[in-house]
Amino acid sequence: MGCSREPESAGGRLREVRRILWGILVLNLAVAGAKMVYGLLTRSLAMTADGFHSLFDGTSNVIGLVGVSIAARPADRGHPYGHAKYETYASAAIGVLLTVAAWRVGAESVHRLLIGGGTPRVDAGSFGVMLGTLAVNVLVTTWERRAGLRLKSDILVADASHTGSDVLVSLGVIAGLAAVKAGYPIADPILGLVVCAFIVRAALRVFRSVDETLSDRARLDPKAVEAVALEVPGVLGCHDVRTRGTASHVAVDLHVQVDPTVSIADGHEIAESVERALCERFDVVSDVIAHVEPLDDYQKAKSARWTEQA
34 MGCSREPESA GGRLREVRRI LWGILVLNLA VAGAKMVYGL LTRSLAMTAD GFHSLFDGTS
94 NVIGLVGVSI AARPADRGHP YGHAKYETYA SAAIGVLLTV AAWRVGAESV HRLLIGGGTP
154 RVDAGSFGVM LGTLAVNVLV TTWERRAGLR LKSDILVADA SHTGSDVLVS LGVIAGLAAV
214 KAGYPIADPI LGLVVCAFIV RAALRVFRSV DETLSDRARL DPKAVEAVAL EVPGVLGCHD
274 VRTRGTASHV AVDLHVQVDP TVSIADGHEI AESVERALCE RFDVVSDVIA HVEPLDDYQK
334 AKSARWTEQA
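Read in order, the letters of the sequence shown correspond to residues 34 to 343 in this note's numbering.
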């Protein structure tokens, strides 16, 4: 079954999340452009690398936009489980782009360290660009986190945390520019490598998330799902709980055991109650299939084996 979510209020929430993500995407692109253009003009590897890093901040916004758009599309004949995994494919592509960016920045930094290539120019404009973009990142982080908590949006809260971590990187770049200005040009390629490491870490997080979805890793604690099912009147046992899907679009299937004397209609109603209870308890659950079984001796043995394995 699919989980119903009060269509009008859910639609309004979805539209607001989209508006916020679009606004933050524009700001992230502006920040990235300022850093990259000025970094290239002044031959500052650290600033250029931070620009790449900020550019890929926008990728999390794109993922969010793709995700909420796909979430609004219902399952169809060709995609009976829905379209949520398209978000995962987009994430994989972004991970590849992050890897390429890290390689380019890292290779140039190593080349500058080993062979040289000129001292970057650090002037008032350099500090102005970095301080200005730093202020934008702080404002974006605060706004997005508050909106995420108000709308109970995991996408916005997670993206705010990502942008918040970039503030520390920008502070490091500003310190590096100060070191270059003070007569230590080697600080620039060294900081380029540091920012490269942050880009690699971001890529690894993306690939880890992709792996969790495509490998059908369990998304919910089976014991927590079982506990909810056992709260439903008429459920005497539960076993073989399985979950999969994306972090925000989880499918659940499980076996529930009922009194062998109940009618088919009553057993079906109990299963429907279990499905509704799981959808209400877990916001990320979008689909539940509950298989009804009579609690006889054979089923008791199955439950015992499930308990031992869990």
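Glycine included, every Cβ here is placed at the ideal spot set by N, Cα and C.
What number of angstroms, rounded off, separates the C-alpha of Pro-255 from the C-alpha of Lys-335? By one-based count along the sequence shown, residue 255 stands at place 222. By one-based count along the sequence shown, residue 335 stands at place 302. Whole-angstrom Cα-Cα distance: 16 angstroms.
Please report the residue range of the beta strand (DSSP E) in which His-272 lies. Taking the first residue of the sequence shown as position 1, residue 272 is located at position 239. Taken as a continuous stretch (DSSP letters only), the beta strand (DSSP E) holding His-272 covers 270-279.
Could you check which residue in Val-70, Met-80 and Ala-108 has the C-alpha nearest to that of Ile-223? Locating residue 223 in the sequence shown gives position 190, counting from the first residue. Residue Met-80 is the option with its Cα nearest to Ile-223.
Using only the alpha-carbon positions, how far apart do Arg-48 and Gly-181 sit? One-based indexing of the sequence shown puts residue 48 at position 15. One-based indexing of the sequence shown puts residue 181 at position 148. Spanning the two alpha carbons is a distance of roughly 13 angstroms.
Take Val-321 as the anchor and find which of Asp-109, Val-274 and Trp-55 has the nearest alpha-carbon. For the purposes of this step, residue 321 is identified with residue 288 of the sequence shown, where counting begins at 1. Residue Val-274 is the option with its Cα nearest to Val-321.
Mind checking who Val-318 pairs with in its DSSP beta bridge? As a first step, residue 318 must be located in the sequence shown, where it is residue number 285. Note: Val-318 sits in a beta bridge opposite Val-283.
Measure the Cβ-Cβ separation of Gly-278 and Arg-252 and say whether it is below 8 angstroms. Counted from its first residue, the sequence shown places residue 278 at position 245. Counted from its first residue, the sequence shown places residue 252 at position 219. Yes, the Cβ-Cβ distance between Gly-278 and Arg-252 is below 8 angstroms.
DSSP state of Pro-293, grouped into three classes? Looking up residue 293 in the sequence shown gives position 260. Coil at Pro-293, not helix or strand.
Compute the Euclidean distance between the alpha carbons of Ala-230 and Gly-84, then round it to the nearest angstrom. For the purposes of this step, residue 230 is taken as residue 197 along the sequence shown, with counting starting at 1. For the purposes of this step, residue 84 is taken as residue 51 along the sequence shown, with counting starting at 1. The straight-line gap from Cα to Cα measures roughly 14 angstroms.
Cβ shell of Arg-309 (< 6 angstroms), same chain only, five flanking positions each side left out: Position 276 of the sequence shown, counting from 1, holds the residue named residue 309. Correct list: empty, nothing qualifies.
In whole angstroms, what is the alpha-carbon distance linking Lys-214 and Asp-156? Locating residue 214 in the sequence shown gives position 181, where the first residue counts as 1. Locating residue 156 in the sequence shown gives position 123, where the first residue counts as 1. About 8 angstroms.
Tell me the DSSP bridge mates of Pro-107? If you number the sequence shown from 1, residue 107 lands on position 74. Looking at the DSSP assignment, Pro-107 forms no beta bridge with any residue, so it has no partner.
Are at least three pairs of beta-carbons, each pair with one atom in the stretch 158-165 and one in the stretch 205-212, less than 8 angstroms apart? Yes: at least three Cβ pairs fall under 8 angstroms.
Nearest by alpha-carbon distance to Ala-63: which of Arg-314, Ser-242 and Leu-88 is it? Start at 1 with the first residue of the sequence shown, and residue 63 comes out as number 30. If you compare the alpha carbons of Arg-314, Ser-242 and Leu-88 with that of Ala-63, the shortest gap goes to Leu-88.
Check this for me: beta carbons of Ala-260 and Thr-132, under 8 angstroms apart or not? To locate residue 260, count along the sequence shown from 1; it is residue 227. To locate residue 132, count along the sequence shown from 1; it is residue 99. No; because the gap between Cβ atoms is not below 8 angstroms, this pair is not in contact.
Answer yes or no: do Val-15 and Val-289 have a C-beta to C-beta separation smaller than 8 angstroms? Since the displayed the chain opens at 34 and closes at 343, residue 15 lies outside it and no answer follows.
Could you tell me whether any non-hydrogen atom of the ligand GDP is closer than 7 angstroms to the CB of Thr-166? Among the components of this structure there are no ligands whatsoever, and the ligand GDP is therefore not found.
Distance CB(Leu-78)-CB(Asp-199) smaller than 8 angstroms: If you number the sequence shown from 1, residue 78 lands on position 45. If you number the sequence shown from 1, residue 199 lands on position 166. Contact: no.
Just to confirm, are Val-233 and Ala-126 a CB contact at a threshold of 8 angstroms? Residue 233 sits at position 200 when you count from the first residue of the sequence shown. Residue 126 sits at position 93 when you count from the first residue of the sequence shown. No, they are not a contact pair.
Contact belief for Trp-339 with His-272 at Cβ below 8 angstroms, rounded distance in angstroms: What you label residue 339 is simply residue 306 of the sequence shown in a count that begins at 1. What you label residue 272 is simply residue 239 of the sequence shown in a count that begins at 1. The pair is a contact, with the Cβ atoms about 4 angstroms apart (cut-off 8 angstroms).
Looking only at its own chain, which residues have a Cβ that is under 6 angstroms from the Cβ of Tyr-71, when we skip the five neighbours before and after it? Residue 71 sits at position 38 when you count from the first residue of the sequence shown. The beta carbon of Tyr-71 lies closer than 6 angstroms to those of Val-162 in the same chain, with the five residues before and after it left out.
Starting from Val-325, follow its DSSP beta bridges and name the residues at the other end. Residue mapping note: residue 325 aligns to position 292 of the sequence shown, counting from 1. Val-289, per the DSSP bridge assignment.
Would you check if the distance between the CB atom of Arg-154 and the CB atom of Arg-76 is smaller than 8 angstroms? On the sequence shown, position 121 is the one that residue 154 refers to. On the sequence shown, position 43 is the one that residue 76 refers to. Against a cut-off of 8 angstroms, the Cβ pair of Arg-76 and Arg-154 comes out as a contact.
Nearest residue (CA-CA) to Ala-82, options Gly-91, Asp-90 and Met-69: Numbered from 1 along the sequence shown, position 49 holds the residue referred to as residue 82. Nearest C-alpha to Ala-82: Met-69.
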